[in-house]
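J.: I have a structure here, written as structure tokens, and I will follow up with some questions on it.
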Amino acid sequence: MSTLLQVSHLSVVNRQGIALVDDVSFSLDSGEMLGLVGESGSGKTVSCRALMRLLPPDALRIAGGEVSLQGQNILALTERQMAKIRGREIGMIFQNPSSHLNPIMTIGAQIAESRRLHFGASAREAMVDAIELLRKVGIPDPAQRVKSYPHEFSGGMRQRAMIAVALAPEPKLLIADEPTTALDVTVQLQILRLLMTLRDTLGVAIVLITHDLGVVAQTCDRIAVMYGGRLCETGGKNQVLAGALHPYTQGLMDCQPASEGGHSQLVTIDGQPPVAEHFPTGCRFHPRCRYATQDCQAQQPPMRTSPMDTRHQAACHHPLAHLHTQEASC
Amino acid sequence: MAFLGVFRRWLPRQNTLTLGAAIILLWLLLGIFAPWIAPYDPVVLDPAASLLPPGGHYFFGTDNFGRDIFSRVIWGARVDLQMCLIGVIFPFMLGTTLGAFSGYVGGAVDALLMRCIDIVLAFPFLVLMLAIIAILGPGLISFYIAMALVGWVSYARLVRSQVLTLKHQDFILAARSLGYSHVRILFVHLLPNALVSALVFSMSDCVLVLLSGAAVSYLGLGVQPPTAEWGVMVAEGQSFITTAWWITTFPGLAIVVLALGFSLLADGIGEKMGART
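So the sequence lines, in the order shown, correspond to chains A and B. Residue 451 is where the first sequence starts when you use the working numbering, and the numbers rise one by one after that. Residue 76 is where the second sequence starts when you use the working numbering, and the numbers rise one by one after that.
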């Protein structure tokens, strides 16, 4: 499979010059789903806004790095060229479908608008496409629902409708920013299934931003874990979940409530995630890390490739693999 | 305006829209079918029948030239409704476009437009209107131009403030993520959402336009005699107020009733829109 998206050394700084996203690199093949995991404020959303070049213009700017989409560096494009990439090449869906749909346009009109703009479809063709798209995202009775306004939909239906709007220009990459956080659990599962189906049938690559490692485990092919604006671990889902190298990744996994025998106390990671003004020196996770040493406080750990798998990388001075191997040898 | 407040409380809330619309529709029909409804010609003089009190052949009596007040009030509906329509549409279009543009672009453009609005607002409304009409010469066209030049500021401020809050809404970000241009986002996605309050205001603005139209005509700068217009009629009957009260009272009442109609409609629409959005 070919590399669709290659993000290299992406940095985003705010007005004070603090890097909210610092030297982040990851890649994505077409038809693949990448889970971008991290706590609130870890820079997941900001990195993805940067991919779309939709950062708030007076607050944040891209300070460096390269985002190449099918070999083309989209950070070097003019605003006019970029407008052709948005929607058409990279689509985006959001956490809160109620506020991300235009309240006074019908769902059909919102889908039809981008069909007409990006493909020059006639009003009639665009409406037919809209009905077809609504059917694809699993909205019952699409020929009727196409005339509905967003407020006439339930939360789950609205999220499906927003996915349909984002899919209308047939993007190759879909960025899903916490698409299930605002939904209840049963609907969450339906939406995740839908995203997986779309990936398999349409071959669209998906970046799934989430704070829920459980969601990633169920859906994604690859994982990238962010903490304090930096990437701490990236790799195939099975490699990362089975052999986490970074203590933070391990911590996140330990925090997942177990479905069986759930009488034990919930495990948490001590402390709070850092805020941008007070990022710790060295490894940003060190104040909360059990394994932290002097090195961790003094030096920022570089990205190191796992000896077992070339695509599995982690930024840690004391990767947990040592522990795994030690345990294995004991 | 105090009695309007009492009236509104007295009226069941859900009926304001219907009643307001009914009053305006009634005046519209009277105006459109004036040639068939009005029993007399509104401008032909009949010295033999001057200053007759209400009753008999003349429901509202006659004025000092023997013209039927009832017919003149009905014909006057045409002129006054037209004044409301044109006097609101142009400020509305000018104000909403400029306000939306200014709010969306922001920065120096916005600051410049805001200062222009401050300048217009620095003058009392009627004084500025009269000054512009005085420069252009009396007449309805001058009135419309003055109305557009003075009235747009309210719409511009209203729509600008709406756009300022709406442009940071999530669905605008979503529209940007679909590759839509700024022009498209402003006119297709932002403006329709920002228009609700401007539309409600335009109904109340009708009252203001009606009253200032009547006032300007009363001062002899708007509609010219002998055209039947309510403001003109009030002005003409003024000198007979002690001997022939009906000349000023009936056109005055017509202004009040039509203004009330617009007021109720504005309230009703405001409630409807408020409930939905």
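Glycine included, C-beta positions come from ideal geometry on N, C-alpha and C.
Buried or exposed for residue 159 of chain B, going by 16 or more other Cβ atoms inside 10 Å?
T.: Against the second sequence, residue 159 of chain B aligns to sequence position 84. Under this definition residue 159 of chain B is a buried residue.
J.: Is there contact here, the stretch 658 to 667 of chain A with the stretch 467 to 477 of chain A, by at least three beta-carbon pairs under 8 Å?
T.: Not touching, per the Cβ criterion.
J.: For residue 767 of chain A, I'd like the list of residues in its chain whose CB is within less than 8 Å of its CB, leaving aside the five on either flank, ordered along the chain.
T.: For this step, residue 767 of chain A is matched to residue 317 along the first sequence. 733, 743, 745, 746, 749 and 751.
J.: What does residue 132 of chain B touch in chain A if you count any residue whose Cβ is under 9 Å from its own?
T.: Residue mapping note: residue 132 of chain B aligns to position 57 of the second sequence, counting from 1. Neighbours of residue 132 of chain B on chain A: none; closest Cβ ~54 Å, over 9 Å.
J.: Near residue 477 of chain A, which residues of its chain fall below 6 Å by C-beta distance, leaving aside the five closest residues on each side in sequence?
T.: The residue given as residue 477 of chain A occupies position 27 in the first sequence. So the qualifying residues of the chain are 453 and 456.
J.: Name, please, each residue of chain B whose Cβ falls closer than 8 Å to the Cβ of residue 485 of chain A.
T.: On the first sequence, position 35 is the one that residue 485 of chain A refers to. Per Cβ cutoff of 8 Å: no residues; residue 485 of chain A is ~20 Å from chain B at best.
J.: Can you tell me whether residue 523 of chain A is buried or exposed? The criterion is at least 16 other CB atoms within 10 Å of its CB, across all chains shown.
T.: The sequence position of residue 523 of chain A within the first sequence is 73, counting from 1. Classification for residue 523 of chain A: exposed.
J.: Tell me, please, whether the CB atom of residue 355 of chain B is closer than 8 Å to any CB atom in chain A?
T.: With chain B covering only 76 through 352, there is no way to say anything about residue 355 of chain B.
J.: Pick out whichever of A:550, A:572, A:574 and A:566 has its Cα sitting closest to the Cα of residue 599 of chain A.
T.: Translated into the one-based positions of the first sequence, residue 599 of chain A becomes position 149. The residue with the shortest Cα to Cα distance from residue 599 of chain A is A:550.
J.: Spatial neighbours of residue 622 of chain A within its chain, please: C-beta separation below 7 Å, excluding the five flanking residues on both sides.
T.: By 1-based counting over the first sequence, the position of residue 622 of chain A is 172. Cβ neighbours of residue 622 of chain A beyond the five flanking positions: 454, 480, 539, 654 and 655.
J.: Please list the partners that residue 497 of chain A has in chain B, where partner means a Cβ-to-Cβ separation under 9 Å.
T.: Position 47 of the first sequence, counted from the start, is the residue given in the question as residue 497 of chain A. By Cβ distance, chain B contributes nothing, its closest Cβ being about 15 Å from residue 497 of chain A, past 9 Å.
J.: Could one say the Cβ of residue 254 of chain B lies closer than 8 Å to chain A's Cβ atoms, at least one of them?
T.: Here residue 254 of chain B is taken as the residue at index 179 of the second sequence, counted from 1. Yes, residue 254 of chain B lies at the interface with chain A (some Cβ there is under 8 Å from its Cβ).
J.: Could you check whether the Cβ of residue 549 of chain A sits closer than 8 Å to any Cβ belonging to chain B?
T.: By one-based count along the first sequence, residue 549 of chain A stands at place 99. So, interface residue.
J.: Within 8 Å (strictly less), CB to CB, does residue 454 of chain A reach chain B?
T.: The count along the first sequence starts at 1 and reaches residue 454 of chain A at position 4. So, not an interface residue.
J.: If you count every other CB in all the chains shown that lies within 10 Å of the CB of residue 705 of chain A, and 16 or more means buried, which is it?
T.: Taking the first sequence and counting its residues from 1, one reaches residue 705 of chain A at position 255. Exposed, by the Cβ-count rule.
J.: Hey, would you say residue 482 of chain A sits closer than 8 Å to residue 672 of chain A, going by beta carbons?
T.: Translated into the one-based positions of the first sequence, residue 482 of chain A becomes position 32. Translated into the one-based positions of the first sequence, residue 672 of chain A becomes position 222. Result yes, Cβ atoms of residue 482 of chain A and residue 672 of chain A sit closer than 8 Å.
J.: Using beta-carbon positions only, say whether residue 764 of chain A and residue 682 of chain A come within less than 8 Å of one another.
T.: Here residue 764 of chain A refers to the residue found at position 314 when the first sequence is read from its first residue. Here residue 682 of chain A refers to the residue found at position 232 when the first sequence is read from its first residue. Yes, the Cβ-Cβ distance between residue 764 of chain A and residue 682 of chain A is below 8 Å.
J.: Any beta-carbon of chain A closer than 8 Å to the one on residue 266 of chain B?
T.: Working through the second sequence from its first residue, we reach residue 266 of chain B at position 191. Residue 266 of chain B does not count as touching chain A.
J.: Please state whether the Cβ-Cβ distance between residue 162 of chain B and residue 222 of chain B is less than 8 Å.
T.: Looking up residue 162 of chain B in the second sequence gives position 87. Looking up residue 222 of chain B in the second sequence gives position 147. The answer is yes: Cβ separation under 8 Å.
J.: Grab me the residues of residue 723 of chain A's own chain with a C-beta within less than 8 Å of its C-beta, minus the 5 sequence neighbours each way, in chain order.
T.: Taking the first sequence and counting its residues from 1, one reaches residue 723 of chain A at position 273. Correct list, in chain order: 489, 490, 491, 492, 677 and 678.
J.: Label residue 58 of chain B either buried or exposed according to how many other C-beta atoms from any shown protein chain fall within 10 Å of its C-beta, with 16 as the threshold for buried.
T.: For residue 58 of chain B there is no data in the structure shown, the boundaries of chain B being 76 and 352.
J.: For residue 111 of chain B, does the count of other Cβ atoms within 10 angstroms reach 16, so buried, or fall short, so exposed?
T.: Within the second sequence, the letter at position 36 stands for residue 111 of chain B. Classification for residue 111 of chain B: exposed.
J.: Who are the neighbours of residue 561 of chain A on chain B, taking C-beta pairs under 7 Å?
T.: Here the question's residue 561 of chain A lines up with position 111 in the first sequence. Within chain B, no residue comes near residue 561 of chain A; the closest Cβ sits about 10 Å away, beyond 7 Å.
J.: Going along the chain, which residues of its own chain have a beta-carbon closer than 6 Å to the beta-carbon of residue 717 of chain A, five neighbours each way excluded?
T.: As a working note, residue 717 of chain A is residue 267 in the first sequence. Same-chain partners within the cutoff: 704 and 705.
J.: From what residue to what residue does the alpha helix (DSSP H) around residue 516 of chain A run?
T.: Position 66 of the first sequence, counted from the start, is the residue given in the question as residue 516 of chain A. Note, residue 516 of chain A: premise wrong, no alpha helix (DSSP H); beta strand (DSSP E) at 510 to 519.
J.: For residue 707 of chain A, which residues of its own chain have a beta-carbon under 8 Å away from its beta-carbon, when the five flanking residues on both sides are left out?
T.: Indexing the first sequence from 1 puts residue 707 of chain A at position 257. Within the same chain, residue 707 of chain A has close Cβ partners 716.
J.: Among A:651, A:552, A:769 and A:686, which has the Cα closest to the Cα of residue 667 of chain A?
T.: In the first sequence, the residue the question calls residue 667 of chain A occupies position 217. When only C-alpha atoms are compared, the closest one is A:686.
J.: For chain A, find out if any of its Cβ atoms is closer than 8 Å to the Cβ of residue 233 of chain B; answer yes or no.
T.: Within the second sequence, the letter at position 158 stands for residue 233 of chain B. Judged by the 8 Å Cβ criterion, residue 233 of chain B is not in contact with chain A.
J.: Which complete alpha helix (DSSP H) runs does the stretch 698 to 750 of chain A hold, if anything under 4 residues is left out?
T.: Fully enclosed alpha helix (DSSP H) runs of 4 or longer: 744 to 748.
J.: Have a look at residue 261 of chain B and residue 212 of chain B and give me their C-alpha separation to the nearest angstrom.
T.: For this step, residue 261 of chain B is matched to residue 186 along the second sequence. For this step, residue 212 of chain B is matched to residue 137 along the second sequence. When rounded, the distance between both Cα atoms is 38 Å.
J.: Check the Cβ-Cβ distances between residue 758 of chain A and every residue of chain B, and say whether any is below 8 Å.
T.: Looking up residue 758 of chain A in the first sequence gives position 308. No, because no Cβ of chain B sits closer than 8 Å to the Cβ of residue 758 of chain A.
J.: In chain order, what residues of the same chain lie with their CB nearer than 6 Å to the CB of residue 462 of chain A, ignoring the 5 residues before and after it?
T.: Here residue 462 of chain A refers to the residue found at position 12 of the first sequence. Closer than 6 Å at the Cβ level, and outside the excluded window around residue 462 of chain A, lie 470, 471, 496, 500, 510 and 512.
J.: Between the C-alpha atoms of residue 219 of chain B and residue 289 of chain B, what's the straight-line distance to the nearest angstrom?
T.: As a working note, residue 219 of chain B is residue 144 in the second sequence. As a working note, residue 289 of chain B is residue 214 in the second sequence. Their Cα atoms are separated by approximately 13 Å.
J.: Between residue 192 of chain B and the rest of its own chain, which residues show a CB-CB distance below 8 Å, the 5 nearest in sequence each way excluded?
T.: Numbered from 1 along the second sequence, position 117 holds the residue referred to as residue 192 of chain B. Around residue 192 of chain B: 228, 231 and 232.
J.: Would residue 339 of chain B and residue 91 of chain B be called neighbours here (beta carbons separated by less than 8 Å)?
T.: One-based indexing of the second sequence puts residue 339 of chain B at position 264. One-based indexing of the second sequence puts residue 91 of chain B at position 16. For residue 339 of chain B and residue 91 of chain B, yes; Cβs fall inside 8 Å.
J.: Residues in the stretch 641 to 658 of chain A with C-beta within 7 Å of chain B's C-beta atoms, listed in sequence order?
T.: Correct list: empty, as no residue qualifies.
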